[in-house]
Amino acid sequence: MNSALVIIILALTLSIALGLMAKRGKDMSMEQWAIGGRGFGGIFVFLLLAGETYSVFTLLGTSGLAFNNGAAAFYLLAFTALGTMTSYWILPPIWKFAKEKNVVSQSQFFSSKYNSNGLGVFVAIVGVLALIPYITILFKSMGILVSATSYGAISSTVAVWVGMIGLLVYVMVSGIHGSAWTSTIKDVLILFVIVFLGIYLPVHYHGSFGGLFQAVNEFKPQALTLPHKGLSVSWFISTVAISAFAYFMWPHNAPTIYASKNAKAFRLNAVLLPIYALMVLFVYFVGFTAIVELPGLKNGDLALLELSMKTFDPWFVGIVGATGLLATLVPGSMMLMSAATMITTNVIEPLKPGISDKSKAFSAKGFVVLLSILCAFFSMSGSETLATLYLTSFSLITQMAPSLYLSLRKNNGITKYGSGYGMFVGVAIVLYVTFSKTTMASLFPSLPSVIQDLNIGIIALFSNILVMFIVSFFTKKSIAVESKS
Amino acid sequence: MKPYYILAALPFIAILGGAAFVNKIEPYVLGIPFFLFWISFWAVMSSIIMFVIYRLDPLNKEVEE
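Chain order of the listed sequences is A and B.
If you read the first sequence in this note's numbering, its first letter stands for residue 1, the second for the next number, and so on.
If you read the second sequence in this note's numbering, its first letter stands for residue 1001, the second for the next number, and so on.
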């Protein structure tokens, strides 16, 4: 066993221990387990939101995208800066409603706001569906990470299963409190590792940032700007726009938002989160260094790890690996918990009214196990890059945004049918496009590339909005009649 | 709707509206290609603008429960 692996295993043990300590002395009801009893202050909310945003995807997927596609990767910095600003206006009313109605999950928000159990079931399913590619990213990264840092001693299949069991143990013992503490350690580590690698590697190999970009410009100049076709300017604008628009729609952000003590926390976070996003800049530097230093590398998702292994001693590779592991556990646990909470509150409770708290918690945990196993299988079967999976996940959650935003107004003209059918159409388009590998270019071969390159999520979003308004218009009367009788 | 909320639109206009015009390598700023510099600059500006809004908005002066 090498020193890198020892450090990674220590990190796993430590985070489980922290989870156990966080649990001790707290009576954990469903509300406690999921949202910590709504008592988190501004900085804690910041740590959790940042903790969910900067996952192992930031380390491996972002550097991989910069390595493979160059400037296209800049979309991540752009939408994070823009999206987090919206926290100022969007999150306070969401939080307020959730507090008044004792909402604990994204799907419950919908069922409560639109007064419809059916819509709650549907949103729960869409939410879980959207989390599947993201959890798959985490497992896939875990496989890459452990097999690379063990210098081939552990296969990625074994790594995924061991990592999955580690994640499950972590989720079972800790709940959101454990996540908050581990999240703090993880945020410090990931910030340190990213900034260190992002400064050290360019300086070590090229003398300075300027030197790095001169070298990239000589070696692969097309990596520094968006191409004319494909991941072009219109792809960039449409992708940044929809991702920023739906920034806080992740089901695993919802419990964090509800866990806040007050609304001011979200306005403070709108100030802190955009500049915090600059961290991603240093990941780009790593990806660009890899372009020059690892020209033969096939799988870009390995760029950061391969470059670290080429440059540093095993113990430091272990620190990078441990950071990646924590950056899997924290967001992973938040995702699994939010999926479990949605299924419990919106699918199991309505189907089995009067179910005891104990069996509720039991079914939530059983669901977490099933979902993990499913995602572990997906992570071994697909050959998509991490960045492709991330885009699919994002296109799915985007579909929840229109009817959620409109429901925050005093007079919501959208009906439960409008919300449901709109989302259904949007989600159906995203799924169809993902599985059939359709592109705008194959659908409309004669249109100019400005339109062909649009992110297909924006087409799904517009269809969603259109259907939402039309269906709402025709169902408004029937609902008015329903409520009178 | 408070008038200074409009400030928050600036980063959106700069990044979404500006992308087509700043998609170039030169001039380098601090050694960074211009397109990347532009986005990074507006990420910083986003925080500065939100800080200004945060300070101006009387909402944040109230003591909340």
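Every residue gets a Cβ at the ideal spot worked out from N, C-alpha and C, and that includes glycine.
Legend entry - chain B contact for Gly422/A (CB, 9 Å cutoff): Numbered from 1 along the first sequence, position 422 holds the residue referred to as residue 422/A. So no, Gly422/A is outside the interface.
Legend entry - Paired residues, beta bridge with Val1029/B - DSSP: Sequence index remark: in the second sequence, residue 1029/B carries index 29 (1-based). According to DSSP, which records beta bridges pairwise, Val1029/B is partnered with Ile1032/B.
Inset, instruction - Consider the Cβ of Tyr1054/B: report whether some Cβ of chain A lies at a distance smaller than 9 Å. - result: Along the second sequence, read from residue 1 onward, the residue named residue 1054/B stands at position 54. Chain A, which has a Cβ nearer than 9 Å to the Cβ of Tyr1054/B, makes this yes.
Legend entry - Residues within the stretch 1005-1025 of chain B neighbouring chain A, beta-carbon criterion of under 9 Å: Tyr1005, Ala1008, Pro1011, Phe1012, Ile1015, Leu1016, Gly1017, Ala1019, Ala1020, Asn1023, Lys1024 and Ile1025
Legend entry - Residue range of the alpha helix (DSSP H) that includes Lys365/A: Sequence index remark: in the first sequence, residue 365/A carries index 365 (1-based). Its alpha helix (DSSP H) spans residues Asp357 to Ser381.
Inset, instruction - Compare the C-beta of Pro1033/B with all C-beta atoms of chain A and state if any pair is closer than 9 Å. - result: Here residue 1033/B refers to the residue found at position 33 of the second sequence. Yes, because at least one Cβ of chain A sits closer than 9 Å to the Cβ of Pro1033/B.
Legend entry - the stretch 306-316 of chain A / the stretch 154-171 of chain A touching (three or more Cβ pairs under 8 Å): no
Inset, instruction - Give the DSSP-derived three-state secondary structure of Phe40/A in the structure shown. - result: By one-based count along the first sequence, residue 40/A stands at place 40. Phe40/A falls in the strand class under three-state DSSP.
Legend entry - Bridge partners - Ser504/A, DSSP secondary structure assignment: Residue 504/A is absent from the structure shown; chain A starts at 1 and stops at 485.
Inset, instruction - Could you tell me which uninterrupted alpha helix (DSSP H) segments, each at least 4 residues in length, are contained entirely in the stretch 139-226 of chain A, listed from first to last along the chain? - result: 156-206 and 209-219
Legend entry - Met342/A - containing alpha helix (DSSP H), residue span: Reading the first sequence from its first residue, position 342 is the one you call residue 342/A. Where Met342/A is concerned, the enclosing alpha helix (DSSP H) stretches over Pro314 to Ile343.
Legend entry - Three-state class that DSSP yields for Ala265/A in the structure shown: The count along the first sequence starts at 1 and reaches residue 265/A at position 265. Helix at Ala265/A.
Legend entry - Residue from Ile459/A, Thr415/A and Gly418/A whose Cα sits closest to the Cα of Val433/A: Residue numbering aside, residue 433/A sits at position 433 when the first sequence is read from its first letter. For Val433/A, the nearest C-alpha among the options comes from Ile459/A.
Legend entry - Residues of the stretch 1038-1052 of chain B whose Cβ lies closer than 7 Å to any Cβ of chain A, in chain order: Ile1039, Ser1040, Trp1042, Ala1043, Val1044, Ser1046, Ser1047, Met1050 and Phe1051
Inset, instruction - State whether the stretch 1027-1045 of chain B contacts the stretch 85-103 of chain A, with contact taken as three or more CB pairs (one from each stretch) at a distance under 8 Å. - result: no
Inset, instruction - Grab the span of the alpha helix (DSSP H) containing Ser486/A for me, first residue to last. - result: Here chain A covers residues 1 to 485 and nothing more, so residue 486/A does not appear.
Legend entry - Proximal residues to Leu336/A (C-beta, below 6 Å), its chain only, five neighbours per side dropped: By 1-based counting over the first sequence, the position of residue 336/A is 336. Once the five neighbours on either side are set aside, the close Cβ partners of Leu336/A are Val171 and Val368.
Inset, instruction - Using a Cβ cut-off of 8 Å, pull out every chain B residue sitting near Phe74/A, in sequence order please. - result: Residue mapping note: residue 74/A aligns to position 74 of the first sequence, counting from 1. Neighbours of Phe74/A on chain B, chain order: Phe1035, Leu1036 and Ile1039.
Inset, instruction - Apply the 10 Å Cβ neighbour rule to Gly426/A and answer buried if 16 or more other Cβ atoms are within range, or exposed otherwise. - result: For the purposes of this step, residue 426/A is identified with residue 426 of the first sequence, where counting begins at 1. When all chains shown are included, Gly426/A counts as buried.
Inset, instruction - Tell me, please, whether the stretch 111-121 of chain A touches the stretch 249-268 of chain A by the rule of three or more beta-carbon pairs shorter than 8 Å. - result: no
Legend entry - Span separating the alpha-carbon of Gly25/A from that of Leu167/A: Position 25 of the first sequence, counting from 1, holds the residue named residue 25/A. Position 167 of the first sequence, counting from 1, holds the residue named residue 167/A. Because Gly25/A carries a pLDDT of 46, less than 50, the predicted location of this residue cannot be relied on, and the following value inherits that uncertainty. Roughly 22 Å separates the two Cα atoms.
Inset, instruction - Measure from the C-beta of Pro221/A to each C-beta in chain B and report whether the shortest distance is under 9 Å. - result: Locating residue 221/A in the first sequence gives position 221, counting from the first residue. Cβ-Cβ to chain B under 9 Å: yes for Pro221/A.
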